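In case it helps, numbering that gives the first Met the number 0 puts the sequence shown at residues 0 to 307. For each residue, glycine too, the CB sits at the ideal point set by N, CA and C. Please read these numbers as outputs of a predicted model, since none were measured by experiment.
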Amino acid sequence: MKEVLIVYYSQSGQLLDIVQNLATSIEGKNVNITYYRISPENDYKFPWKQDDFYDAFPESFLQIPCGLKPPKADILERKYDLIILGYQVWYLTPSIPINSFLKSDVAKKLLDQTPVVTVIACRNMWLMAQEKMKRLLVACNAKLVGNIALVDRHINHISVITIVHWMLGGKKTKYLGIFPKPGVSDEDIKASEKFGTPIRKALLNNDYTNLQDELLKLDAVKVKPLLIQTDIRGNVLFTKWANLIIKKGPSGNPKRKKLLVLFKYYLLFAIWAIAPIVFIVFLATYIPRYNKIKRDKAYYSSVSLKNN
Numbered sequence: 000m001k002e003v004l005i006v007y008y009s010q011s012g013q014l015l016d017i018v019q020n021l022a023t024s025i026e027g028k029n030v031n032i033t034y035y036r037i038s039p040e041n042d043y044k045f046p047w048k049q050d051d052f053y054d055a056f057p058e059s060f061l062q063i064p065c066g067l068k069p070p071k072a073d074i075l076e077r078k079y080d081l082i083i084l085g086y087q088v089w090y091l092t093p094s095i096p097i098n099s100f101l102k103s104d105v106a107k108k109l110l111d112q113t114p115v116v117t118v119i120a121c122r123n124m125w126l127m128a129q130e131k132m133k134r135l136l137v138a139c140n141a142k143l144v145g146n147i148a149l150v151d152r153h154i155n156h157i158s159v160i161t162i163v164h165w166m167l168g169g170k171k172t173k174y175l176g177i178f179p180k181p182g183v184s185d186e187d188i189k190a191s192e193k194f195g196t197p198i199r200k201a202l203l204n205n206d207y208t209n210l211q212d213e214l215l216k217l218d219a220v221k222v223k224p225l226l227i228q229t230d231i232r233g234n235v236l237f238t239k240w241a242n243l244i245i246k247k248g249p250s251g252n253p254k255r256k257k258l259l260v261l262f263k264y265y266l267l268f269a270i271w272a273i274a275p276i277v278f279i280v281f282l283a284t285y286i287p288r289y290n291k292i293k294r295d296k297a298y299y300s301s302v303s304l305k306n307n
């Protein structure tokens with residue numbers, strides 16, 4: 000009997016829907032699946048309050064862990080043949096609960112020498128978050144064998160409007176009745192079960208050598224070249240902001256609150272003013288950078304980790 004553990008953290012329930020659909024084509028004869036929802040000691044409420052959303056930025060981006068409730072004892076008593084790790088992206092980084100889990104002794108015990116498939120559900124930018132995830136998994140002595148990234152397929156500025164409506168309002172509905180529904184589409188969520196077929200095959204054969212290639216044939220990952228540089232540049236700027244804000248003290252500090260207000264307006268400016276300029280520069284330099292863009296797409300679609 001193969002033992003599979005699905006570890007996840009989901010606020011809205013979208014990510015749980017995805018991993019459950021994925022599991023339908025993995026579970027069955029000779030495969031037992033266990034679910035483990037990561038539970039912070041002080042959970043992050045959904046829908047978000049606007050102030051709480053921005054206040055989570057520095058700890059999220061700097062990967063500062065929060066306290067977690069321990070999993071049930073029976074989860075720790077088993078050795079798993081495969082772990083499926085579902086996560087959200089917060090501020091270009093794995094969410095605080097997921098980051099906290101991966102830095103815990105529990106994760107080091109569960110993940111040690113264990114194959115891992117990551118499943119991402121986010122708005123659009125996940126590339127640098129996955130790079131951080133790769134390093135966290137290495138620290139746990141785990142082996143990343145597959146990655147699936149499901150994103151909002153609508154254009155950037157449309158998805159910004161709809162995701163805010165969802166995050167702050169709590170309902171995955173059409174904003175004003177005219178915008179598309181936010182998040183990963185219902186069709187993509189339902190279709191996520193297709194990824195379970197190659198995962199089950201690799202699990203039963205105990206051979207994950209070609210798993211990511213098989214997942215890519217099913218469109219498990221689509222790397223948009225424009226977002227590579229946007230994500231990298233965003234991380235540089237977020238590093239400056241996060242370090243500046245965290246120095247002002249913990250949540251609730253008046254000086255921190257003032258800086259978070261400035262960060263909020265900077266973020267809006269970056270999305271609505273800087274991003275279009277980045278797009279124009281990207282188009283202007285596309286041809287001379289074509290070979291590098293091609294290499295980058297191949298790398299970020301893979302489960303490899305650069306040495307640098």
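Count the other CB atoms, across all protein chains shown, that sit within 10 Å of the CB of residue i; report buried if there are 16 or more and exposed otherwise.
i: Gln-112; result: exposed
i: Asp-230; result: buried
i: His-156; result: exposed
i: Met-0; result: exposed
i: Pro-253; result: exposed
i: Ile-188; result: buried
i: Ile-270; result: exposed
i: Gln-49; result: exposed
i: Pro-275; result: exposed
i: Arg-199; result: buried
i: Asn-234; result: buried
i: Lys-42; result: Note that residue 42 is Asp in the sequence shown here, rather than Lys. Exposed, because fewer than 16 other Cβ atoms sit within 10 Å of the Cβ of Asp-42.
i: Asn-123; result: buried
i: Thr-92; result: buried
i: Val-280; result: exposed
i: Phe-278; result: exposed
i: Leu-261; result: exposed
i: Tyr-264; result: exposed
Could you please give the first and the last residue of the uninterrupted alpha helix (DSSP H) stretch that includes residue i?
i: Trp-165; result: 155-168
i: Val-260; result: 253-268
i: Pro-249; result: No alpha helix (DSSP H) holds Pro-249; DSSP gives it neither H nor E.
i: Asn-20; result: 13-23
i: Thr-229; result: 224-245
i: Glu-40; result: Looking at the DSSP string, Glu-40 is not in any alpha helix (DSSP H), and its letter there is neither H nor E.
i: Pro-57; result: 56-60
For residue i, which residues from the same chain have a beta carbon less than 6 Å from its beta carbon, with the 5 sequence-adjacent residues on both sides left out?
i: Tyr-34; result: Ile-5
i: Gly-248; result: Arg-255
i: Trp-89; result: Ser-59
i: Lys-322; result: In the structure displayed, the chain extends from 0 to 307; residue 322 sits before or after that span and is not available.
i: Phe-56; result: Tyr-90
i: Ala-201; result: Tyr-207, Leu-210
i: Ala-148; result: Ile-119, Trp-125, Val-220
i: Tyr-299; result: Leu-126, Val-222
Which residues mark the beginning and the end of the beta strand (DSSP E) in which residue i is found?
i: Asn-338; result: Residue 338 lies beyond the range of the chain shown here (0 to 307); nothing can be said about it.
i: Lys-71; result: Segment: none, Lys-71 is in no beta strand (DSSP E) and carries neither H nor E.
i: Asn-290; result: Run containing Asn-290: none in the beta strand (DSSP E); it sits in the alpha helix (DSSP H), 289-300.
Might you give, ordered along the chain, the residues of its own chain that have their beta carbon closer than 7 Å to the beta carbon of residue i, omitting 5 neighbours on each side?
i: Arg-152; result: Ser-184
i: Thr-172; result: Lys-180
i: Ser-103; result: Leu-67
i: Ala-128; result: Val-88, Leu-91, Thr-92, Pro-93
i: Glu-213; result: Pro-197
Would the beta-carbon of residue i fall within 8 Å of that of residue j?
i: Val-159; j: Leu-304; result: no
i: Leu-101; j: Asn-140; result: no
i: Lys-84; j: Val-118; result: This sequence places Leu at residue 84; Lys is not what is there. In this structure, Val-118 lies closer than 8 Å to Leu-84 by Cβ.
i: Cys-65; j: Gln-87; result: no
i: Leu-21; j: Gly-195; result: yes
i: Leu-266; j: Ile-244; result: no
i: Val-3; j: Asn-31; result: yes
i: Ser-99; j: Leu-61; result: no
i: Val-150; j: Trp-125; result: yes
i: Val-116; j: Leu-81; result: yes
i: Val-18; j: Asn-146; result: no
i: Gly-182; j: Ile-162; result: yes
Against chain B, with Cβ distances strictly below 8 Å, would residue i count as a contact?
i: Lys-246; result: No chain B is present in this structure, which holds just one protein chain.
So what does residue i bridge to, in DSSP terms?
i: Leu-4; result: Thr-33, Ile-82
i: Asn-146; result: Thr-117
i: Val-88; result: Pro-93
i: Gly-27; result: Val-30
For residue i, which residues of its own chain have a beta-carbon under 8 Å away from its beta-carbon, when the five flanking residues on both sides are left out?
i: Gly-168; result: Pro-46
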